[in-house]
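Structure, as structure tokens:
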Amino acid sequence: MAVRPLVQASDPVLRRRAQRVTSFGASLQSLIADMIDTMRAEGGVGLAAPQIGISQQVLVIQLPEDEGEEEAKSGTLYVLCNPKIVRRRGQEEGVEGCLSLPGFAGEVPRATMLIVKGQNPQGEPVRIKAQDFLARVFQHEIDHLHGGLYIDHVEDPDKIWAVEPAEVDEEAL
Ligand code: NI
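So this is what it looks like as structure tokens:
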């Protein structure tokens, strides 16, 4: 296990559609372990493989335990391969930052309820219902797997602003 360097914001890997995971062997397990280590070391609540330069459809998410405990199942570690949003409901604006765009935050409209299907690290099918901030983080990370960034959804330039890196830590995805 290791903390891997984050790619630079200008790296084209962040704008590429990531490949579906087809092999659930040792190299995937090692990638997942490194992604969890990197997410925690960077103080993020989510990380997608392209953010460390790996163009594979893998995401990890773990919210702090004290955040929206009841609805968001905070503290649970989610690891998902080949995720697909199969249902979405509601819309709400909320603040997001991104480990790939340090120093900025923005206000982004997102669905408030999602059902996501995908595969766990063993390749077995899983279905996750996510609400509120957890749903936001899933949408943000799934965007990364399709070459998207949160800034693509910001409706007005006034809704992106510079922050001190420390300020965005809690919302960094
Ligand atoms: Ni991000």
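Using my numbering, the letters of the sequence shown correspond one by one to residues 1 to 173.
Don't be surprised by glycine CBs; every beta carbon is placed ideally from N, CA and C.
Bear in mind the structure is a predicted one, so any value in this text is a computation, not a measurement.
Environment of residue i [buried if 16+ CB atoms lie within 10 Å]
{"i": "residue 86", "result": "exposed"}
{"i": "residue 146", "result": "exposed"}
{"i": "residue 164", "result": "exposed"}
{"i": "residue 14", "result": "buried"}
{"i": "residue 39", "result": "buried"}
{"i": "residue 161", "result": "exposed"}
{"i": "residue 152", "result": "exposed"}
{"i": "residue 83", "result": "buried"}
{"i": "residue 69", "result": "The predicted position of residue 69 is uncertain, since its pLDDT is 49 and thus under 50; a value taken from the coordinates is nonetheless stated next. With fewer than 16 Cβ atoms within 10 Å of its Cβ, residue 69 is classed as exposed."}
{"i": "residue 34", "result": "buried"}
{"i": "residue 106", "result": "buried"}
Inter-residue spacing [alpha-carbon to alpha-carbon] between residue i and residue j
{"i": "residue 90", "j": "residue 132", "result": "10 Å"}
{"i": "residue 71", "j": "residue 173", "result": "Residue placement at residue 71 cannot be trusted, given a pLDDT of 48 that sits under 50; the coordinates are not used to answer."}
{"i": "residue 36", "j": "residue 5", "result": "13 Å"}
{"i": "residue 51", "j": "residue 100", "result": "7 Å"}
{"i": "residue 134", "j": "residue 63", "result": "8 Å"}
{"i": "residue 7", "j": "residue 53", "result": "6 Å"}
{"i": "residue 61", "j": "residue 78", "result": "5 Å"}
{"i": "residue 58", "j": "residue 80", "result": "6 Å"}
{"i": "residue 49", "j": "residue 28", "result": "11 Å"}
{"i": "residue 123", "j": "residue 20", "result": "12 Å"}
{"i": "residue 45", "j": "residue 156", "result": "25 Å"}
{"i": "residue 96", "j": "residue 136", "result": "9 Å"}
{"i": "residue 103", "j": "residue 9", "result": "11 Å"}
Beta-bridge pairing of residue i - partner residues as DSSP gives them
{"i": "residue 87", "result": "115"}
{"i": "residue 77", "result": "62"}
{"i": "residue 126", "result": "118"}
Extent of the continuous alpha helix (DSSP H) run through residue i
{"i": "residue 141", "result": "132 to 145"}
{"i": "residue 40", "result": "26 to 41"}
heavy atom of the ligand NI below 7 Å from residue i C-beta
{"i": "residue 98", "result": "yes"}
{"i": "residue 153", "result": "no"}
{"i": "residue 173", "result": "yes"}
{"i": "residue 144", "result": "yes"}
Segment limits, beta strand (DSSP E) that includes residue i
{"i": "residue 109", "result": "104 to 110"}
{"i": "residue 62", "result": "58 to 62"}
{"i": "residue 48", "result": "46 to 48"}
{"i": "residue 155", "result": "No beta strand (DSSP E) contains residue 155, which DSSP labels as neither H nor E."}
{"i": "residue 164", "result": "No beta strand (DSSP E) contains residue 164, which DSSP labels as neither H nor E."}
{"i": "residue 96", "result": "92 to 96"}
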